[in-house]
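Numbering (this note's numbering), first residue to last: 6 to 254. The beta carbon of each residue, even a glycine, is placed where N, CA and C say it ideally should be. Quick caveat, the model's predicted, so the values are computed rather than measured. Only one structure is covered here, and it is reproduced in the block below.
Written out as structure tokens, the structure reads:
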């Protein structure tokens with residue numbers, strides 16, 4: 006178990022309060038999670054065992070369970086866990102904070118979808134994820150991108166003082182940080198993981214509310230495809246990483 010920097014009781018209360026402000030089934034959030042799955046699917050599909058760290062209310066869980074042999078879903082929010090258990094009786098669902106988990110080295114893939122920006126110690130959580138991996142396993146993480154086109158535009162308009170500033174929406178859903186490509190890779194490497202793939206998900210020039218109001222599904226799909234050409238400007242960063250191998254004697 007990693008060293009704990011915050012009170013676990015305080016973290017549980019924080020998660021419980023934040024859960025009231027977020028639903029993965031509403032508005033553009035739902036669509037973005039679907040695009041996130043499309044981006045990580047090639048690195049997950051066919052895995053015998055997968056663990057999802059931070060399942061929230063289960064939209065990503067629904068897609069992961071269809072492409073892996075068995076799935077374990079973990080979240081520290083009781084109401085999320087209860088909902089996911091009801092929806093997916095075939096999924097092993099664990100109610101725990103990441104700091105409480107004891108990794109067992111038995112999973113082929115660990116998925117952390119928008120987890121690292123929420124936790125107190127992201128490097129410790131990445132180490133936990135690495136500890137769950139069997140030999141040859143990989144960890145996949147997605148995080149908000151400070152270099153996203155919509156954040157750059159926000160800076161030009163004076164809505165943000167810098168791309169890494171937490172805006173009102175970030176604070177409402179409990180973000181503690183927004184990542185640059187460099188800070189994400191630094192955390193990944195500090196956790197003993199080596200990035201194999203670094204990409205982006207969805208080219209996003211406008212806010213969620215503007216997209217929800219004005220865009221057709223076809224236009225959203227086009228900007229998802231455009232994001233593959235310009236990952237550095239996407240709404241999210243994606244990294245696929247493997248544990249660093251110890252040098253052989």
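Along the chain, where does the alpha helix (DSSP H) containing residue 188 start, and where does it finish?
Its alpha helix (DSSP H) spans residues 186-195.
Please check if any C-beta of chain B sits within less than 8 Å of the C-beta of residue 187.
Protein chains in the displayed structure number just one, and chain B is not present.
Is the stretch 237-248 close to the stretch 179-192, with three or more CB pairs under 8 Å?
Verdict: yes, contact present.
Roughly how many angstroms separate the alpha carbons of residue 23 and residue 88, rounded to a whole number?
One C-alpha to the other measures close to 16 Å.
In the DSSP assignment, find the alpha helix (DSSP H) that holds residue 49 and state where it starts and stops.
Per DSSP, residue 49 belongs to the alpha helix (DSSP H) from 32-49.
Is the distance from the Cβ of residue 185 to the Cβ of residue 151 below 8 Å?
Cβ distance < 8 Å, so residue 185 and residue 151 count as in contact.
Which class does residue 142 belong to by DSSP, given the choice of helix, strand or coil?
Of the three classes helix, strand and coil, the one that applies to residue 142 here is strand, per DSSP.
Quick check on the DSSP output: the alpha helix (DSSP H) that includes residue 169 runs from which residue to which?
No alpha helix (DSSP H) holds residue 169; DSSP gives it neither H nor E.
Taking the alpha-carbon of residue 135 as reference, which of 123, 117, 85 and 220 has the nearest alpha-carbon?
Selected option, being the one with the closest Cα: 117.
Since residue 122 contacts residue 149 with CB under 8 Å, what's their CB separation in whole angstroms?
With a Cβ gap of about 6 Å, residue 122 and residue 149 count as contacting.
Go through its chain and collect everything with a Cβ distance to residue 127's Cβ below 7 Å, but skip five positions before and after it.
Result list for residue 127: 121 and 192, in chain order.
Rounded to the nearest angstrom, how far is the Cβ of residue 216 from that of residue 42, given a contact under 8 Å?
The pair is not a contact, with the Cβ atoms about 18 Å apart (cut-off 8 Å).
What did DSSP end up calling residue 61 once you bin it into helix, strand or coil?
DSSP places residue 61 in coil when its eight states are reduced to three.
In whole angstroms, what separates the C-alpha of residue 131 from that of residue 85?
Taking the straight line from one Cα to the other gives about 22 Å.
Does the Cβ of residue 110 have 16 or more other Cβ atoms within 10 Å, making it buried, or fewer, making it exposed?
By the 10 Å Cβ count, residue 110 comes out exposed.
Just grab the DSSP bridge partners of residue 241 for me.
Partner(s): 149 and 206.
In whole angstroms, give me the CA-to-CA distance for residue 119 and residue 168.
Approximately 18 Å, taken between the alpha carbons.
I'd like to know whether the C-beta atoms of residue 108 and residue 155 end up nearer to each other than 8 Å.
Not in contact: residue 108 and residue 155 (Cβ atoms no closer than 8 Å).
According to the neighbour-count rule (16 or more other Cβ atoms, all chains shown, within 10 Å of its Cβ), is residue 6 buried or exposed?
Legend: pLDDT at residue 6 = 47, less than 50; position of this residue unreliable, no value from coordinates given.
For residue 236, count the other beta carbons within 10 Å of its own beta carbon; 16 or more makes it buried, fewer makes it exposed. Which is it?
The residue is buried, with at least 16 neighbouring Cβ atoms inside 10 Å.
In chain order, what residues of the same chain lie with their CB nearer than 7 Å to the CB of residue 112, ignoring the 5 residues before and after it?
Contacts found: 54, 55, 56, 137, 138, 139 and 142.
Is the beta carbon of residue 114 less than 8 Å from the beta carbon of residue 203?
No. Outside cutoff.
Can you look up residue 77 in the DSSP assignment and give me helix, strand or coil?
If DSSP states are grouped into helix, strand and coil, residue 77 belongs with the strands.
Residue 97 lies in the beta strand (DSSP E); which residues open and close that run?
Element bounds for residue 97: 97-100.
Can you tell me whether residue 80 is buried or exposed, with buried defined as 16 or more other CB within 10 angstroms of its CB?
The residue is buried, with at least 16 neighbouring Cβ atoms inside 10 Å.
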